Amino acid sequence: MQLALFDLDNTLLAGDSDFQWGQFLISKGLLNEQEHLAKNIAFYEDYKAGRLDIYAFLDFQLKPLSEHPRHELEALHREYMAQKIRPMITDKARALVERHRQNGDLLVVITATNSFVTTPIAREFGIDHLIGTTPEEVDGKFTGKVTGTPSFQEGKITRLHEWLAGRDQSLSDFETTWFYSDSHNDLPLLKLVDKPVAVDPDPTLEAYAEEAGWPIISLR
3 MQLALFDLDN TLLAGDSDFQ WGQFLISKGL LNEQEHLAKN IAFYEDYKAG
53 RLDIYAFLDF QLKPLSEHPR HELEALHREY MAQKIRPMIT DKARALVERH
103 RQNGDLLVVI TATNSFVTTP IAREFGIDHL IGTTPEEVDG KFTGKVTGTP
153 SFQEGKITRL HEWLAGRDQS LSDFETTWFY SDSHNDLPLL KLVDKPVAVD
203 PDPTLEAYAE EAGWPIISLR
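In this note's numbering, the protein residues as written are 3 to 222.
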């Protein structure tokens with residue numbers, strides 16, 4: 003069996019689900035537009051530059067989850083999927099996932115974005131397995147904090163090993179391992195797998211992929 007790992011934002015999606023979740027909450031009047039948007043843009047620029055403080059970002063990004071009951075958040079997410087996410091899913095992205103599915107590969111979305119936002123998106127692709135940053139819950143309510151290792155940069159490797167160990171597996175159990183990503187933040191995991199693929203890559207990843215001879219594809 004082969005293992006196919008997919009980054010989500012700007013890889014399988016033609017956009018960023020985390021950023022768009024904030025934009026959606028602003029559109030619903032649930033966040034202050036001026037305050038939230040400025041911070042969101044600043045964090046996104048830090049992410050693209052490879053200097054993101056992941057814990058500071060998560061304190062910012064997970065706070066809205068703590069301010070609403072779970073049933074309200076789930077209703078909001080259904081609307082968000084229709085308005086923001088499905089328009090960002092291209093036929094090429096669906097076809098890539100389907101090729102790996104038809105091959106019988108184990109499919110996993112691995113993303114820094116929190117699992118509340120991303121689990122339904124993975125399901126939209128028909129992918130049952132998700133490794134995302136885990137928001138803390140107490141008595142069924144989000145606290146606004148993170149639990150465990152954020153699935154970001156080297157943390158993706160940590161979380162992948164933990165997930166595989168929970169299945170009594172390791173990377174060596176797979177004939178071939180694939181990872182698709184757009185971001186230089188994912189270089190640690192891209193370097194680990196057998197088949198790294200740069201997808202609509204940022205300039206840093208594009209330069210690295212060209213030098214390393216990795217495939218570069220577009221899902222747009």
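Glycine included, C-beta positions come from ideal geometry on N, C-alpha and C.
The structure displayed is predicted, hence computed values, not measured ones.
- Ranking L192, F118, I56 by CA distance to the CA of I159 puts L192 first.
- Residue burial is scored here from C-beta neighbours: Y82 has at least 16 other C-beta atoms within 10 angstroms and is therefore classed as buried.
- Of the candidates H131, Q85, K65, the residue whose Cα lies closest to the Cα of G17 is Q85.
- G142 sits in coil when the DSSP states are folded into three classes, being neither helix nor strand.
- Excluding sequence positions up to five before and after G146, its CB lies within less than 7 Å of the CB of L64, K65, L67, S68, all in the same chain and listed in chain order.
- Segment contact: the stretch 4-14 against the stretch 110-127, three or more CB-CB distances shorter than 8 Å; contact assigned.
- Note: V148 is bridge-paired with P137 in the DSSP secondary-structure output.
- Sorting I133, D175, P137, T178 by C-alpha distance to the C-alpha of E164 places I133 at the top.
- One thing to note: P137 has its Cβ within 8 Å of the Cβ of S117.
- The Cβ-Cβ distance between S19 and V119 falls below 8 Å.
- A distance of 8 Å or more separates the beta carbons of F127 and L221.
- Here I129 is near V99, since their CB atoms are less than 8 Å apart.
- In this structure, the CA atom of L10 is about 12 Å from the CA atom of D202.
- Burial state of Y49 is buried, judged by a 10 Å Cβ sphere holding 16 or more other Cβ atoms.
- The beta carbon of A211 sits closer than 7 Å to those of A200, P203, I218, all from its chain and outside the five residues before and after it, given in chain order.
- Residue state for H70 is assigned as coil, using DSSP reduced to three classes.
- Taking P198 as the centre and dropping the five residues before and after it, the same chain places the C-beta of F181, L192, W216 closer than 6 Å to its C-beta, in chain order.
- Rounded to whole angstroms, the gap between the alpha carbons of T206 and E213 is 11 Å.
- At a Cβ-Cβ threshold of 8 Å, F21 and K41 do not count as neighbours.
- For S183, the enclosing beta strand (DSSP E) has its first and last residue at 178-183.
- Here A6 carries a strand assignment [DSSP, helix/strand/coil].
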